[in-house]
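Undergrad:
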Amino acid sequence: MSFNWFDLVVLFGILQGVICAVLLLGRRPVLAGRKLLVAVLLVFSVLSFKILLHTTGLWNTTALRYFPLAVDLLIQPLLYLYVASLTQPGFKMTRKTWLHFLPPLLFMVHAVVVYVAVMQQQSLLEKDVVAEQWRFNRVKVTEDFLSILSTIGYGFLGLKSILYYRRWMQQNISDTNYLTFTWIKNLLIVTGILGIALCVNIILDNTLDFSDQFLHWKLFYIYLAVVIYYIGLRGYLASRHVIKHGQDKSFDEEAAADVPLKYSGEELENAKSAILHALITRKVFLDSELTLGKLAADVGLSPVLVSVTINRELGKTFRMLVNDYRAEEVKRKLTDSRYAHLSIFGVALECGFNSEASFYRIFKSATGLSPKEYAEQAKLHG
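Residues 1 to 382 in UniProt numbering are what the sequence shown spells out, letter by letter.
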């Protein structure tokens, strides 16, 4: 057995995945999402080990020939369920959820049967003959093409979950430090690229006879090592946050879809006046954790009516409306000498922002200027 630079890169990815998995399991409490992330990292590590069997020559040993590692179809459902655990309130692993793992289980059972069947054979050639009697290669091709379909299907479901969550957040949450799961969106992107690369490689091997070539698979596994590193690092950092999604169930987007027709123009106008009064006079937006539910309770209206009024009468989402008022308050205080002792972000904190990155992005979107540029221009015109 010998190692080259490629083997070392793959091995580094495996070690990174295992280490991050252990660290994640060490955090308390061990939530369902964290367990799923650990499973994702371990499956990616096992997938990487599969290629090492071939590149290091271990595949040509009698003990490891046809060693059962049929994990290819585990990746897609695990990634989807991990995303679902973070974006769907009350997520639990139910009996129905476990059905996602039935296809990979069947292929793993077949792989174990083949491995047991070839164990009695002493030569590699005899092992190959017995494995072919169990249709090993044909089953592997079937598994490859199911991986393509699974990548497409679960990728769509994962993206749908992310988009629904972001819409929910826009309608319910004003907290600029609230988990937006940008990294989960990025996770779908990097794993989507991985899935596309896998599909391309499978098609090349099975239709254009690239099976004797290895460069395309080297590139794939190098990228996989990078993906493992990224998922491990970002997943570990994200695990420090408490997932709050689902605690405020004041607004159901689907349930509210047909509600506007039920409210009269007078009801919407009165609700609009109450909302603006709360924002302008009482400045409820200064509460950095203001939610749709809190605002609705403050004005004494139902969350659905408040949401519909903001959407239809004010032409904004809840999050956009509240942060616009916060940005206006920042503009006012940046020109107020009483706040001169504060830094720009210190002023932002006074106005309800609690995430520096989000504050700068929102302020520039609202004014076209950075906070510093706005303050300098205000001084010139003052």
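By construction, the Cβ of each residue, glycine as well, lies at the ideal position given by its N, Cα and C atoms.
Give the DSSP-derived three-state secondary structure of residue 291 in the structure shown.
TA: Strand.
Undergrad: Is the separation between the beta-carbon of residue 299 and that of residue 274 shorter than 7 angstroms?
TA: For residue 299 and residue 274, yes; Cβs fall inside 7 angstroms.
Undergrad: How should residue 388 be labelled, buried or exposed, when 16 other C-beta atoms within 10 angstroms of its C-beta is the threshold for buried?
TA: The structure shown does not extend to residue 388, since the chain is modelled only from 1 through 382, so no value can be given for it.
Undergrad: Could you pull the DSSP bridge partners for residue 173 from this structure?
TA: DSSP, once it has assigned bridges, lists 291 as partnering residue 173.
Undergrad: When burial is assigned at 16 or more other CB atoms within 10 Å of the CB, is residue 83 buried or exposed?
TA: Flag for residue 83 reads buried.
Undergrad: How close, in whole Å, do the beta carbons of residue 50 and residue 69 come, if the pair is a contact with beta carbons under 8 angstroms?
TA: Rounded, the Cβ-Cβ distance is 5 angstroms, consistent with contact.
Undergrad: How many whole angstroms separate the CB atoms of residue 55 and residue 7, which I take to be in contact at a CB cut-off of 8 angstroms?
TA: The Cβ separation is near 5 angstroms, so the contact holds.
Undergrad: Can you confirm whether the region 185-194 touches the region 334-349 when touching is taken to mean that 3 or more C-beta pairs between the two stretches lie within less than 8 angstroms?
TA: The region 334-349 is not in contact with the region 185-194.
Undergrad: If residue 396 sits next to residue 78, beta carbons under 8 angstroms apart, how far is it from one beta carbon to the other, in whole angstroms?
TA: Only positions 1 to 382 of the chain appear in this structure, which leaves residue 396 out of reach.
Undergrad: Under a Cβ-count criterion, where at least 16 other Cβ atoms within 10 Å of its own Cβ denotes burial, should residue 254 be classed as buried or exposed?
TA: Confidence is the limiting factor: at residue 254 the pLDDT is only 48, short of 50, which leaves the residue's position unreliable, though a coordinate-based value still follows. By the 10 Å Cβ count, residue 254 comes out exposed.
Undergrad: Quick check on the DSSP output: the alpha helix (DSSP H) that includes residue 347 runs from which residue to which?
TA: Taken as a continuous stretch (DSSP letters only), the alpha helix (DSSP H) holding residue 347 covers 344-350.
Undergrad: Quick one, are the C-beta atoms of residue 76 and residue 154 less than 7 angstroms apart?
TA: Yes; because the gap between Cβ atoms is below 7 angstroms, this pair is in contact.
Undergrad: In terms of alpha-carbon separation, which member of 313, 272 and 316 lies closest to residue 296?
TA: The option with the nearest alpha carbon to residue 296 is 272.
Undergrad: Looking at residue 225 and residue 10, is the spacing between their C-beta atoms short of 7 angstroms?
TA: Yes; because the gap between Cβ atoms is below 7 angstroms, this pair is in contact.
Undergrad: Using CA coordinates, which residue listed in 29, 168, 145 and 267 is at the minimum distance from residue 203?
TA: The shortest Cα separation from residue 203 among 29, 168, 145 and 267 belongs to 145.
Undergrad: Alpha carbon to alpha carbon, how far is residue 47 from residue 235?
TA: Answer to the nearest angstrom: the Cα atoms are 19 angstroms apart.
Undergrad: Tell me whether the beta-carbon of residue 289 lies closer than 7 angstroms to the beta-carbon of residue 175.
TA: Taking 7 angstroms as the Cβ cut-off, residue 289 and residue 175 qualify as a contacting pair.
Undergrad: Taking 6 angstroms as the limit between beta carbons, can you name the residues of its chain near residue 305, skipping five residues before and five after?
TA: So the qualifying residues of the chain are 271.
Undergrad: Could you please give the first and the last residue of the uninterrupted alpha helix (DSSP H) stretch that includes residue 5?
TA: Run containing residue 5: 5-26, per the alpha helix (DSSP H) assignment.
Undergrad: What are the uninterrupted segments assigned as beta strand (DSSP E) that are 3 or more residues long and contained completely in the region 73-145, given in chain order?
TA: With a minimum length of 3 residues, no continuous beta strand (DSSP E) run stays inside the region 73-145.
Undergrad: When DSSP labels each residue in this structure, what does residue 258 get in the three-state scheme?
TA: With a pLDDT of only 49 at residue 258, under 50, the local geometry of the prediction cannot be trusted, and no value is derived from it.
Undergrad: For residue 50, which three-state DSSP category applies?
TA: Looking at residue 50 - three-state DSSP - the assignment turns out to be helix.
Undergrad: How about residue 322 and residue 285: are their beta carbons less than 7 angstroms apart?
TA: In this structure, residue 285 lies closer than 7 angstroms to residue 322 by Cβ.
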